[in-house]
Amino acid sequence: MSENSPARIRSKGWSWMPVAAAVAMFLAPALTPTPARAAELDMKAAASNYSDSCADCHGESGKGDGKKAADLKKKPADYTNCAEMSKLTDDYLFNVIKNGGKSVGKSKDMADFGKAYDDDEIHGLVAYVRTFCKK
6 MSENSPARIR
16 SKGWSWMPVA
26 AAVAMFLAPA
36 LTPTPARAAE
46 LDMKAAASNY
56 SDSCADCHGE
66 SGKGDGKKAA
76 DLKKKPADYT
86 NCAEMSKLTD
96 DYLFNVIKNG
106 GKSVGKSKDM
116 ADFGKAYDDD
126 EIHGLVAYVR
136 TFCKK
C-alpha cells in the first residue's frame, strides 16, 4: 500500500480521535454558554457579592435606588426593568462588571470589578442580576 493511499490516510485520522475526544471533553465546560452554566453557579455567593459590591448603588432589590445612587450623576441601572434588561446580553453585562461602565461608553461611576472577582464570580453576578427581572 502506498504512503498516500486512502486506507493509510484514514488510519492517520483515527489516531487523532482519542486525543480530539479528550480535548473536547476538557474544553466543553468552558465553552458552555452562560445561561446553561448558571445552574452550576453558587447563587448564595453571587448574592453576597452583589450585597457587598453592587447594592450601595443598584439597591438590594436591583431598582437602581441604593443609598449612594442619589450622589451619582447618572442613575444606576434598574435590573427590574425587564424591557431594558432583555436588550442586554450576558456578555455585555459581564464586560460592564469586569471592566467598568467606561469600557462600554457608560458612566465612569460604574466601577470595574475585574480585580475583585474572578470570571466565574462575575458570571455569578450576571446570573444574580438576571433574577431581578421577573416576567
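Residue numbers for the sequence shown follow the numbering used here, so the first one is 6 and each next one is one higher. Ideal placement from N, C-alpha and C gives every residue a C-beta, glycine not left out.
Own chain, CB closer than 7 Å to residue i, minus 5 neighbours either side, in chain order
{"i": "Ala116", "result": "Gly105"}
Cα-Cα separation between residue i and residue j, rounded to whole angstroms
{"i": "Gly67", "j": "Lys120", "result": "23 Å"}
{"i": "Leu93", "j": "Ala50", "result": "23 Å"}
{"i": "Ser53", "j": "Leu130", "result": "9 Å"}
{"i": "Val134", "j": "Gly71", "result": "14 Å"}
{"i": "Ser56", "j": "Lys111", "result": "22 Å"}
{"i": "Asp124", "j": "Val101", "result": "12 Å"}
{"i": "Thr136", "j": "Ala75", "result": "24 Å"}
Classification of residue i by the beta-carbon crowding that lies within 10 angstroms, buried from 16 upward
{"i": "Lys73", "result": "exposed"}
8 Å Cβ cutoff met for residue i and residue j
{"i": "Tyr97", "j": "Val109", "result": "yes"}
{"i": "Cys59", "j": "Met90", "result": "no"}
Delimiting residues of the alpha helix (DSSP H) encompassing residue i
{"i": "Asn100", "result": "Asp95 to Asn104"}
{"i": "Lys49", "result": "Met48 to Ser58"}
{"i": "Asp117", "result": "Run containing Asp117: none; DSSP gives neither H nor E here."}
{"i": "Cys138", "result": "Neither: Cys138 is in no alpha helix (DSSP H) and is coded neither H nor E."}
Cutoff 8 Å; reference residue i; Cβ partners in own chain excluding five residues on either side
{"i": "Gly69", "result": "Cys62, His63, Lys80, Pro81, Ala82, Asp83 and Tyr84"}
{"i": "Leu77", "result": "Cys62, Ser112 and Asp114"}
{"i": "Glu126", "result": "Ala50, Ala51 and Asn54"}
{"i": "Glu65", "result": "Ser56 and Gly71"}
Close-in-space but distant-in-sequence residues of the same chain around residue i (CB under 6 Å, 5 per side omitted)
{"i": "Lys107", "result": "Lys113"}
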